[in-house]
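The working numbering puts the first residue of the sequence shown at 1050, with every later residue one more than the last. Even glycine gets a Cβ: it sits at the ideal position worked out from N, Cα and C. Just so you know, these numbers come straight off a predicted model, no measurement behind them. Here's the structure we're looking at; comments come further down.
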Amino acid sequence: MFDTQHGIIIACDVDDIETLKTLVGETCDIEGVVGYKLGANLALRYGLKHITDEIDFHLPVIYDHQKAGTDIPRMGEKFARSCKASGMNGVIIFPQAGPKSEEAFIDAIFHHGMTPMVGGEMTHEQYLAEDGGYLLDDAPPRMYEVAARKNVEYFIVPGN
């Protein structure tokens, strides 16, 4: 999906499409920038298809649905089809619903010619059980292992 092995993906966590246009326009030619990540807030407000029709990103666009991959397995196909129709190149999932959903979402993303990116661990308070959260402490490594077996090459991991 990317032309280089390393680079920066700009998180487009802005409030409106005009600010997004400015952000893309001012960063798309910077050496080292390899793509853009769109989140659910912009997608809900404007629609992914409208955003990609309005803005020439020049680089791959990744959709982060804020924990996609947590639905039942059969929703993976519908979700991936919608992302592809909206012009996405990659999709971030956090498969907290278990390995069957994870496999189904990964397969569907690949089937529609996009790149899956899998996350498992987050750094906010009370995420894992050992810190008072709901997820078992070994869940993130298990999510990454399933993804690796499914030939996923991109993983979302905490930077700290």
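Inset, instruction - Starting from residue 1095, trace the alpha helix (DSSP H) both ways and give me its first and last residue. - result: 1089–1095
Legend entry - Rounded C-alpha distance that separates residue 1175 from residue 1183: 8 Å
Legend entry - Extent of the continuous beta strand (DSSP E) to which residue 1113 belongs: 1110–1113
Legend entry - Through-space distance from residue 1143 to residue 1117, alpha-carbon basis: 6 Å
Inset, instruction - Spell out the partners DSSP gives residue 1210 in its beta bridges. - result: Because the chain is modelled from 1050 through 1209, residue 1210 falls outside the range shown and cannot be assessed.
Legend entry - Spatial distance of residue 1119 from residue 1194 (CA atoms): 17 Å
Legend entry - Burial state of residue 1208 (16 or more Cβ within 10 Å): exposed
Legend entry - Selection from 1114, 1127, 1134 and 1075 that minimises the alpha carbon distance to residue 1102: 1134
Inset, instruction - Give a yes or no on whether the minimum CB-CB distance between residue 1090 and chain D is below 8 Å. - result: Reference to chain D is not applicable here, since this structure consists of a single protein chain.
Inset, instruction - Closer than 6 Å by C-beta to residue 1122: which residues in its own chain qualify, once you throw out the five before and the five after it? Chain order, please. - result: 1149, 1150 and 1153
Inset, instruction - Would you check if the distance between the CB atom of residue 1113 and the CB atom of residue 1086 is smaller than 8 Å? - result: yes
Inset, instruction - Report buried or exposed for residue 1200, applying the criterion of at least 16 other Cβ atoms within 10 angstroms of its Cβ. - result: exposed
Inset, instruction - May I have the straight-line CA-CA distance separating residue 1191 from residue 1056, to the nearest angstrom? - result: 26 Å
Inset, instruction - May I ask which residues mark the beginning and end of the beta strand (DSSP E) holding residue 1204? - result: 1203–1205
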